[in-house]
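Before any comments, here is the structure.
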Amino acid sequence: TAPELLFPAGDAGLSAAQVVEVLNTRVEGATDASRRANVLALWNAVAAAVGSGRTQVANVEPIITGPFVSPVTDLPDLVGRLFAGPVAARGVAATPLAPGEAPPGVDAETLDFADAVMVFGAVAPSAMSATRDALVYRIEAPPGYDAQVKWAVTLVLYFGFNVQSVYISDSVPANTSTEIEIYDDRSRDQAASANDLFGEYRFVEPAYLIEGVEVVLRLGTDFLTGTGGVASGDTLPTTTTSTTIG
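Going left to right, the sequence shown walks through residues 29 to 274 as my numbering numbers them.
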């Protein structure tokens, strides 16, 4: 049967039920990749509608101070908390499997591993696990350098290490040199194998320790802007360590 037009292209005001309808609608025979742009556009529109937050004053519960907050009671409560402040939409890069790699008739894709690590390390670092018997990194950078941060994640993974957390924030200083915090000095030689790839760098003492993290890599503008002869792009360096990313 011919596809049915749900809503015309362009600006539209959709109810929650209509948003769900759009997300669940699929065209027979079409791949997931073909609808990804529309799905992401919908979520971007939701994020734009949320703006700085959509909490209604009349429905706000008293603020609980201290280390504990009240547990989420149901889905409306979860959505209400999520939309109480600014939100953003971001997909994970994926590539359709080559012919013969997936069973016939199965729409399957392979995720970009470094991109997935970057996204989930940013939104849910406590849910990340170290899959390698190697150092566990946290990568920090000021906003505006997503491609370079992903490249840093790729390099750390390429050298056989783990990435547990990715932190992109205005609170990260834009220093020229990359700063490296190592919680245990005995790991310094192990981490040194990749240090030169991140531009001019210096070791600094950690102000505090983050559970589950052994090395904090605070990217400097020397690396983020590609100045100082720092390599960037898709060319991985030659190494004697594992070269499998994933």
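Just so you know, even glycine gets a beta-carbon here, dropped at the ideal spot from N, CA and C.
Run through the DSSP bridge pairs and tell me what GLU228 is partnered with. Answer is none; GLU228 lacks a bridge partner.
For ALA86, count the other beta carbons within 10 Å of its own beta carbon; 16 or more makes it buried, fewer makes it exposed. Which is it? In this prediction, ALA86 scores a pLDDT of 47, lower than 50, which makes its location untrustworthy; the coordinate-derived value is nonetheless stated afterwards. Classification of ALA86: exposed, given that the 10 Å Cβ count is below 16.
Simplified DSSP state of ARG160, which is helix, strand or coil: coil
Output the boundary residues of the alpha helix (DSSP H) element that contains ASN66. 60-78
DSSP state of LEU33 mapped onto helix, strand, coil: coil
Would you tell me roughly how many angstroms separate the C-alpha atoms of PRO99 and SER43, rounded to the nearest one? 27 Å
Of the residues VAL134, PRO132, ALA116 and LEU185, which one's Cα is nearest the Cα of ALA144? LEU185
Between the Cα of ALA75 and those of PRO36, ASP60, ARG118 and TYR173, spot the shortest distance and give me the residue it belongs to. ARG118
Counterpart residues of ARG246 in DSSP-defined beta bridges: GLU168 and GLU207
Residue nearest to GLN176 in terms of C-alpha spacing, selected from THR249, ALA65, GLU56 and PRO153: THR249
By how many angstroms is the C-alpha of SER193 removed from the C-alpha of ILE208? 14 Å
Checking 7 Å against the spacing of the C-beta atoms, do VAL151 and VAL115 come in under that value? no
Need the endpoints of the alpha helix (DSSP H) that THR182 sits in, please. 174-186
Specify whether the region 162-173 and the region 131-140 touch according to this definition: at least 3 beta carbon pairs, one from each stretch, less than 8 Å apart. no
LEU110 CB to nearest heavy atom of the ligand MG below 6 Å: Ligands are entirely absent from the displayed structure, and the ligand MG is therefore not among its contents.
In the DSSP assignment, what are the bridge partners of ASN190? VAL164
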